[in-house]
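Accompanying notes for the structure given below.
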Amino acid sequence: MRSFIRRRLSRSDSVRIGVLGVGNIGSVHLKSALAMPGVDVVAAADTVPKNRDRADSAGVTRVYDDYVTLLESETLDVAIVALPPFLHCDAVEVAAETGVDVFVEKPFARSTAEADEMLEAASEAGIRVGVDHTLRYQPDLTGLKGAYEDGTVGHVPHASMVRVNDGPLGRPPVEDAPPAWPLDPDATGGGSLMELGVHCFDYLEWTFGPLEIRDAMIDTTLEVPVEDAATVLMEARETGTAVTLHCGSYQWEELPEVNTNVRLEGITGTIESEEYLPTNFYGSAALSALSNVASRFTGGDPAVYGPTFYLQAHYDALFDFVDSIRADETPPVTGEDGRRTLELVETAYELADEDCAEADALEVVS
Amino acid sequence: MNDDRSLSVSSVSVPRANSKGQLAARESALEVTTERSQAGGNNWTPAIDARMARLEGPVRELIGSVPDPFADAAEITLLPDVHYPFHPSTGMVTDPAVVGAVAGYLGNETSADLVVAGSSTESMDLDRTTDYLGYPALEERFDCRLRDLSSDRDSRVTVSLSDSEAPVELSIPDLLLENPVVVVPTLRPTEAGPIAGAMRTLGRHVEPGVEGRGLSDDRRARAATNAVEPELSILDATTVFAGEAFAAETLFAGDPLGVDTAGTTLLGRDVNDDAVLSTELGPGQTSIQVSGCDFDALRDRVPSGDLPPRTTTHPAVSIAYGLYAKVSGDAVPPQLEVDR
């Protein structure tokens, strides 16, 4: 193992960041980091030339075609791991060897076993691990959680959550060639539950406390190698809430409309997350833009990605992580939190497999 | 000079419900009516076997006695719309169950081997598309083979088009020239607006014969159709897409020009606005006889919209956001960058 000296950051120190992977979400992290006060984006890495060009034109000084070389060549405080899931473990282990804290895109790993390897490497090296679970930062979902905690609807016997998008295949018209890895179980560890379910599990446990999975169904709407639809029945014992989750990667999505909704059936009424979204996206975006322009002339800092709340959530998640590193504190969403979401995914897969096996057995008997 | 022309297209409605009553009543159910009184009766059925079972009768009725070229052929090429793995319930691709039902019928009625063909695109390899759409199950069941035509531009063919003196040279896969061809498009528009149809589906599998010489999609479609002269076109309107999906539960059969003209009318478009159809139909009046369904009633129900807008942000929005970011000091999200 390489030896390294961890830098103790003071409040005034710039946090030196390297971005590993500048694809879709990596470029959001890159732009967030570039806009973040007290952050110095030292370098970025990507195997895809177009993505490297993107980093270069965004103003990153050194751009690598290989994240290992970046980690071994640069002096960093934080590495943002925005690589495909099959590279997360290796990237975290290399970062651990070089004493760099990591902010890992979800899913944290492809399995709990892989997550354990990563956490062990991090623990041995004494690096901090954060995970990008952004639903905790979306205004609609924080608004709903706040209302629930304020007792707006009293006891909630049933909660339902739906998160559906169009997955890697997208919708018509066909614009780009979709990468193959998101539908490869060896590369991702699974389908919709890994891609979207982990976010939902994280949010639901954050809101209701520990969840116990009672049953699960998974399905494919096309003949793809991973599930693109999943439904999970859970119990939150602390709050006495039965929770259903449906997530899927089959529905055509037309941004800025995003199909994420949580609905709480309480004693005094029903509340849902959509109520905490701006009613007019474009009107709200314009107001936010005006507010940012005004703050520029009054000496204030702009809200980064002000007009786009879902991207702002990514900025806020990274900001809080960087803040925790600077303050030498535990990140707000830890590697253990990321591992817990994988544990729930694995339990759901096991229960769904058991149901399939039972159904097959019944067919044979009949 | 008499420029009047008549096209003939036959059609058949496809009952989706599982009830024996509906299947038994199919003989008299050639008008477009849908039974919605039974639970789940008219809903999409994920099981391809169940969909094929319901299509067997209508396909038999639609094709009728097998034409000579099929009966004498060693091999028949089926050419569905498999441009991308969109879900068949959207109408954006040919339902593989329709292809399966056609393959099953031709397999029974002829001694020909069957080929289901498509072409890989820049966006997606054909084998990935057909895998996701479930074609390997058809391959096994009907002993047909899947063939990617994108690398099979075997023959150079010269085609004359009615509106130009210069002939068009094409590179065409032999499987489209040597075998009788059944084109099986779905009823949907292209991104540009007109029907994707039989002629444009054919056009996607040929290339200009002279390297570097451009050929518009419309001329390519016309030239390909003239060169291939498919024996039959079956328009899959079991599910239509035109801004929204609609279960029209109907199959049409005829020559490419006929089914594309009927399809264009169903999609609420003017044939005269379609450069391919208007040129091929030529001047004068064209009447189209569609038998087997209440065409006017169907036309009233089929949507007439377009494909959804591109996800890429409109340049004007990107420019406005860039200006705002400059004034406010905010960051520009990657999705809104002007040069994206």
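Here the protein sequences come in this chain order: A and B.
Sequential numbering from 90 applies to the first sequence in the numbering used here.
Sequential numbering from 5 applies to the second sequence in the numbering used here.
Where a beta carbon is used, it is the ideal one built from N, C-alpha and C, also for glycine.
The structure displayed is predicted, hence computed values, not measured ones.
Residue i beta carbon near the ligand MG (any heavy atom closer than 7 Å)
i	result
B/ALA231	Of ligands this structure carries none, so the ligand MG is not represented either.
Exposed unless 16 or more other CB atoms sit within 10 angstroms - verdict on residue i
i	result
B/ALA266	buried
A/GLY243	exposed
A/THR461	Here chain A has residues from 90 to 455 only, and residue 461 of chain A is not among them.
B/THR205	buried
A/CYS445	exposed
B/THR162	exposed
B/PRO19	buried
A/LEU344	exposed
B/THR98	buried
A/ARG326	exposed
A/GLN227	buried
B/PRO345	Because chain B spans 5 through 344 in this model, residue 345 of chain B falls outside it and cannot be assessed.
B/GLU284	buried
B/THR133	buried
A/ILE356	exposed
A/GLU284	buried
B/GLY201	buried
B/SER291	exposed
A/ARG96	exposed
C-alpha distance - residue i paired with residue j, whole-angstrom precision
i	j	result
A/LEU334	A/ASN350	10 Å
A/THR136	A/TYR394	27 Å
B/ALA33	B/GLY61	The pLDDT assigned to B/ALA33 is 31, lower than 50, so where the model puts this residue is not dependable; a value taken from the coordinates is nonetheless given after this. Taking the straight line from one Cα to the other gives about 12 Å.
A/ALA434	B/LEU271	Before going further, note that residue 434 of chain A is Val rather than Ala in the sequence given. Roughly 44 Å between the two C-alpha positions.
B/LEU302	B/GLY197	20 Å
A/ASP154	A/PRO138	8 Å
A/ASP255	A/TYR399	16 Å
B/LEU66	B/GLY108	14 Å
B/SER164	B/MET203	16 Å
B/GLY309	B/ASP264	17 Å
B/LEU180	B/ALA231	9 Å
B/ASP129	B/ASP135	10 Å
A/ASP412	A/GLU312	44 Å
B/ASP298	A/ASP449	44 Å
B/ALA227	A/GLU194	50 Å
B/ALA241	B/SER17	9 Å
A/ALA147	A/VAL117	11 Å
A/THR201	B/GLY111	50 Å
B/GLU211	B/LEU59	34 Å
B/ALA57	B/ASP277	38 Å
A/VAL189	A/THR419	15 Å
A/SER101	A/TYR404	20 Å
B/PRO193	A/GLN401	37 Å
A/ALA184	A/LEU176	12 Å
A/ALA305	B/ARG55	27 Å
A/PRO314	A/CYS336	17 Å
B/VAL63	B/GLU248	25 Å
A/ALA406	B/ALA105	52 Å
A/VAL220	A/ALA210	16 Å
A/ALA204	A/PHE410	19 Å
A/GLY342	B/LEU137	The residue you asked about is not Gly; residue 342 of chain A is Glu in the sequence shown. Each residue's alpha carbon lies about 20 Å from the other.
The alpha helix (DSSP H) enclosing residue i, as first and last residue numbers
i	result
A/ASP145	138-147
B/GLN289	Premise fails: B/GLN289 is in no alpha helix (DSSP H) and is neither H nor E.
B/THR205	201-207
B/ILE67	52-67
B/GLU144	139-146
A/ILE87	Here chain A covers residues 90 to 455 and nothing more, so residue 87 of chain A does not appear.
B/VAL172	Element bounds for B/VAL172: not the alpha helix (DSSP H) but the beta strand (DSSP E), 172-176.
Whole-angstrom C-beta distance between residue j and residue i, which should lie under 8 Å
i	j	result
A/SER338	A/ASP317	5 Å
B/VAL114	B/PHE74	As written in the sequence, residue 114 of chain B is Thr, which differs from the Val given in the question. Right, the Cβ-Cβ distance comes to about 5 Å (below 8 Å), so this counts as a contact.
A/PHE408	A/MET125	6 Å
A/ASP129	A/ARG105	5 Å
A/THR328	A/GLY298	6 Å
A/ALA134	A/LEU109	5 Å
A/ASN348	A/ARG252	7 Å
Range covered by the beta strand (DSSP E) that runs through residue i
i	result
A/GLU203	First-last for A/GLU203: 201-214, but that is the alpha helix (DSSP H), not the beta strand (DSSP E).
B/ARG9	9-17
B/LEU239	236-241
A/GLU324	318-325
key: 4-residue-minimum alpha helix (DSSP H) runs that sit fully inside the segment 69-119 of chain B, ordered along the chain   = 72-76, 100-113
ask   = Which runs of the alpha helix (DSSP H) spanning at least 4 residues fall entirely within the segment 245-292 of chain B, listed in chain order?
value = DSSP runs (the alpha helix (DSSP H)) wholly in the segment 245-292 of chain B: 260-270, 279-285.
ask   = Along the chain, which unbroken stretches of the alpha helix (DSSP H) at least 4 residues long are found entirely within the segment 109-194 of chain A?
value = Taking only runs of at least 4 residues, the alpha helix (DSSP H) segments lying wholly in the segment 109-194 of chain A are 113-124, 138-147, 156-162, 177-186.
ask   = Of all the alpha helix (DSSP H) runs that stay within the bounds of the segment 275-308 of chain A, which reach a length of 4 or more residues?
value = 287-297
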